[in-house]
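Here's the structure, in structure tokens; my notes come after.
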Amino acid sequence: MKTKQSLTTVKELSVGGVAKRTGVAISAIHFYEVKGLITSRRNQGNQRRYTHDVLRRIAIIKVAQKMGVSLQEIAAAFKALPRQRTPTKKDWDSLSRQWKESLDVKIRLLTHLRDDLSECIGCGCLSIDSCPLRNPDDVLSSKGSGPILFQ
Ligand code: FES
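Numbering of the sequence shown is given in the numbering used here, commencing with residue 65 and proceeding in unit increments.
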């Protein structure tokens, strides 16, 4: 026989309940489900019902999105967990470290891009030879002009 406490523990949430608890729009919750980030079951009235672990998943999704992590990357991280379980505190530690490294790389790239943009402000040449934004990966420019690879 289940106690009142255990019945409360297994109580599921409606999509409106999830939206209210997470501050995420119902449409976004449906979208996360379509993308495989969260799951629900249907009750007898064909309404979605979510277990409470969905709140943690959505919290992680929101934080990761703020860091610029794509939904695709988040889904891959969730799928990499054993039995695709909801991330534990230890899992979150690992994910957040991994995403911090990715964020550091993005910050370095954006800082470099900002510095290049500073050279362009007030110029307007958009030269393939000299504009760092127009041809940022021109690694062959140091070897001379023209079709270096075909000489
Ligand atoms: S626009 Fe002239 S250097 Fe980029």
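Just so you know, even glycine gets a beta-carbon here, dropped at the ideal spot from N, CA and C.
- Look at Arg147 here: in three-state DSSP terms it is helix.
- For Ile171, the enclosing alpha helix (DSSP H) covers residues Lys153 to Cys184.
- Under the DSSP definition of a beta bridge, Tyr114 partners with Leu77.
- For Arg198, the CB falls within less than 7 Å of some heavy atom of the ligand FES.
- Between the region 126 to 142 and the region 104 to 113, the count of Cβ pairs shorter than 8 Å is below three; the stretches do not touch.
- Looking only at Asn199, Arg113, Ile124 and Leu190, the smallest Cα-Cα distance to Asp155 is reached by Ile124.
- Bounds of the alpha helix (DSSP H) holding Val98 are Ile90 to Val98.
- Apart from the 5 residues on each side of it in sequence, Lys75 has no Cβ closer than 6 Å to any other Cβ in its chain.
- Using a cutoff of 7 Å, the CB of Leu177 does not count as near the ligand FES, since none of the ligand's heavy atoms is closer than that.
- Here Leu101 is buried. Its C-beta has 16 or more other C-beta atoms within 10 Å.
- The C-beta of Ile93 has 16 or more other C-beta atoms within 10 Å across all chains shown, which makes the residue buried.
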